[in-house]
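A quick write-up on the structure given underneath.
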Amino acid sequence: MKQELLFLPTLVTIKEIKPEIPAVATFRLPKPDGFSHKAGQFLEVSLFGKGEVPISISSPPSYEDLLLTIRNSGYVTGAIHKLKEGDVLGIRGPLGNTFPYEEYEGWDVIFVGGGIGLAPLRSLLWEMLYHRDKFGRILLLYGARSPADLLYPWQYEEFERNGVEILLTVDRGDEKWTGNVGVVTTLFDKVKIEPERTVAYVCGPPIMIRFAMRDLVEKIGIAPHNCIATLERHMKCGVGKCGHCVIAEKYVCIDGPVFRYPEIKMLERYDDPW
Ligand SMILES: Cc1cc2nc3c(=O)[nH]c(=O)nc-3n(C[C@H](O)[C@H](O)[C@H](O)COP(=O)(O)OP(=O)(O)OC[C@H]3O[C@@H](n4cnc5c(N)ncnc54)[C@H](O)[C@@H]3O)c2cc1C
Ligand code: FES
Numbered sequence: 002m003k004q005e006l007l008f009l010p011t012l013v014t015i016k017e018i019k020p021e022i023p024a025v026a027t028f029r030l031p032k033p034d035g036f037s038h039k040a041g042q043f044l045e046v047s048l049f050g051k052g053e054v055p056i057s058i059s060s061p062p063s064y065e066d067l068l069l070t071i072r073n074s075g076y077v078t079g080a081i082h083k084l085k086e087g088d089v090l091g092i093r094g095p096l097g098n099t100f101p102y103e104e105y106e107g108w109d110v111i112f113v114g115g116g117i118g119l120a121p122l123r124s125l126l127w128e129m130l131y132h133r134d135k136f137g138r139i140l141l142l143y144g145a146r147s148p149a150d151l152l153y154p155w156q157y158e159e160f161e162r163n164g165v166e167i168l169l170t171v172d173r174g175d176e177k178w179t180g181n182v183g184v185v186t187t188l189f190d191k192v193k194i195e196p197e198r199t200v201a202y203v204c205g206p207p208i209m210i211r212f213a214m215r216d217l218v219e220k221i222g223i224a225p226h227n228c229i230a231t232l233e234r235h236m237k238c239g240v241g242k243c244g245h246c247v248i249a250e251k252y253v254c255i256d257g258p259v260f261r262y263p264e265i266k267m268l269e270r271y272d273d274p275w
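Numbering follows the working numbering, in which position 201 of the sequence shown is assigned residue number 202; successive positions increment by one, without gaps.
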């Protein structure tokens, strides 16, 4: 991107707003001319007079539109949630690095998600499903606070039809819930994985990422290099200029947000990003 365009948002009109779970909705936006991204990247999304927030792209690169799943968690995201279809948003990007995945063709894949952390993983999951024959088993281990907080339930059947093995868990069940209760790492005991040919992609709350990565390496035996997570660090510019996201010598906005476990352990030594 040209230097002078780094901070200039492109205005796009919201095509559709799909309520998902409480306080979370997916915004469908048109792709600006020439826009292309890769799974793992994010956008800086702006609303005039309110501000700008980093949001992961949850649609796969080859999908016709951009899908952003946004939780109403504060000042800017709250204002975005008040918008209607036909209203205008600014976007800058795509920003950040991408999930490495071409090198894992022929491997088994395990996605481990917590809460709204399924949104960035969904982009890569669909990208792999579009090229289903290039990957072995694909497992999705996903947990949320309650059954009502499980994101994208309308899509699970389609995932399964495309050969995804899904295991769900919730922290607290309800009268209808017959599935697993417990944190997402309790699902690790229920799957048989060949660690030497499996890559893991993790996203969720910081504490969940920490324990999931540790168990994937220490209990399941996946090599640390093949455990990959996307981190949500506080950001401002998103393009390596303001220093807001820096940990040690890493700019999470441009060196990340996707990191392998050894890099995450290194970052943890300098500053607790969790
Ligand atoms: C690379 C990246 C990708 C992200 N992808 C998504 C996404 O796909 N969907 C989504 O809903 N959110 C995503 N987030 C988080 C989102 O950017 C924050 O929720 C948002 O910036 C909060 O802004 P606000 O003005 O609404 O809240 P504020 O009023 O600023 O803050 C409300 C609360 O949110 C916390 N918060 C503020 N910024 C962040 C942040 N960057 N990460 C975590 N907590 C924060 C604050 O500490 C405070 O507790 C992502 C963040 C990053 C860095
Ligand atoms: S957010 Fe400004 S340097 Fe990373």
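We treat Cβ as the ideally placed atom computed from N, Cα and C, and that holds for glycine.
Reduced DSSP secondary structure (H/G/I, E/B, other) of residue i
{"i": "Asn98", "result": "coil"}
{"i": "Thr14", "result": "strand"}
{"i": "Ala26", "result": "strand"}
{"i": "Asp134", "result": "helix"}
{"i": "Ser60", "result": "coil"}
{"i": "Lys19", "result": "strand"}
{"i": "Glu104", "result": "helix"}
{"i": "Ile278", "result": "Because the chain in this structure spans residues 2 to 275, residue 278 falls outside the shown range and cannot be described."}
{"i": "Trp275", "result": "Bear in mind that a pLDDT of 48 at Trp275, under 50, signals an unreliable position, so the number given afterwards is only what the model happens to contain. Trp275 falls in the coil class under three-state DSSP."}
{"i": "Ile194", "result": "coil"}
{"i": "Ile248", "result": "strand"}
{"i": "Met291", "result": "With the chain covering only 2 through 275, there is no way to say anything about residue 291."}
{"i": "Leu9", "result": "coil"}
{"i": "Gly79", "result": "helix"}
{"i": "Lys242", "result": "coil"}
{"i": "Lys220", "result": "helix"}
Backbone CA spacing between residue i and residue j [nearest angstrom]
{"i": "Lys177", "j": "Pro154", "result": "15 Å"}
{"i": "Gly1", "j": "Ile167", "result": "Residue coverage of the chain in this structure runs from 2 to 275, which leaves residue 1 outside it and unanswerable."}
{"i": "Gly1", "j": "Asp66", "result": "Beyond the ends of the chain as shown, which are 2 and 275, falls residue 1; an answer cannot be given."}
{"i": "Trp108", "j": "Tyr262", "result": "18 Å"}
{"i": "Gly241", "j": "Gly257", "result": "11 Å"}
{"i": "Pro274", "j": "Pro207", "result": "Per-residue confidence for Pro274 stands at a pLDDT of 49, beneath the threshold of 50, marking its modelled position as unreliable; no derived number is given."}
{"i": "Val110", "j": "Thr231", "result": "16 Å"}
{"i": "Gly114", "j": "Tyr202", "result": "8 Å"}
{"i": "Glu17", "j": "Pro196", "result": "41 Å"}
{"i": "Thr27", "j": "Ser124", "result": "13 Å"}
{"i": "Ile56", "j": "Gly222", "result": "32 Å"}
{"i": "Asp216", "j": "Ile210", "result": "10 Å"}
{"i": "Cys243", "j": "His82", "result": "27 Å"}
{"i": "Val259", "j": "Phe100", "result": "6 Å"}
{"i": "Val25", "j": "Leu9", "result": "27 Å"}
{"i": "Ile15", "j": "Ala213", "result": "35 Å"}
{"i": "Thr170", "j": "Phe189", "result": "11 Å"}
For residue i: DSSP bridge partner residues
{"i": "Ser147", "result": "Answer is none; Ser147 lacks a bridge partner."}
{"i": "Ile71", "result": "Ala26"}
{"i": "Ser47", "result": "Glu53 and Gly91"}
{"i": "Ala282", "result": "Since the first and last residues shown for the chain are 2 and 275, residue 282 lies out of range."}
{"i": "Asn181", "result": "Thr170"}
{"i": "Phe112", "result": "Leu141 and Tyr202"}
{"i": "Asp66", "result": "Pro31"}
{"i": "Val165", "result": "Ile139"}
Inter-residue CB distance, residue i and residue j (contact presumed, cutoff 8 Å)
{"i": "Glu128", "j": "Ala40", "result": "5 Å"}
{"i": "Leu68", "j": "Phe112", "result": "With a Cβ gap of about 17 Å, Leu68 and Phe112 do not count as contacting."}
{"i": "Ile92", "j": "Leu30", "result": "7 Å"}
heavy atom of ligand 2 below 7 Å from residue i C-beta
{"i": "Cys243", "result": "yes"}
{"i": "Val46", "result": "no"}
{"i": "Gly41", "result": "no"}
{"i": "Gly283", "result": "Past the boundaries of the shown model lies residue 283; the chain is included only from 2 to 275, so the question cannot be answered."}
{"i": "Cys204", "result": "no"}
{"i": "Val253", "result": "yes"}
Residue i Cβ short of 7 Å to ligand 1 heavy atom set
{"i": "Ala145", "result": "no"}
{"i": "Ala120", "result": "yes"}
{"i": "Thr222", "result": "In the sequence as displayed, the identity of residue 222 is Gly instead of Thr. No, since every heavy atom of ligand 1 falls outside the 7 Å radius drawn around the Cβ of Gly222."}
{"i": "Pro258", "result": "yes"}
{"i": "Ile229", "result": "no"}
{"i": "Met209", "result": "no"}
{"i": "Ile71", "result": "yes"}
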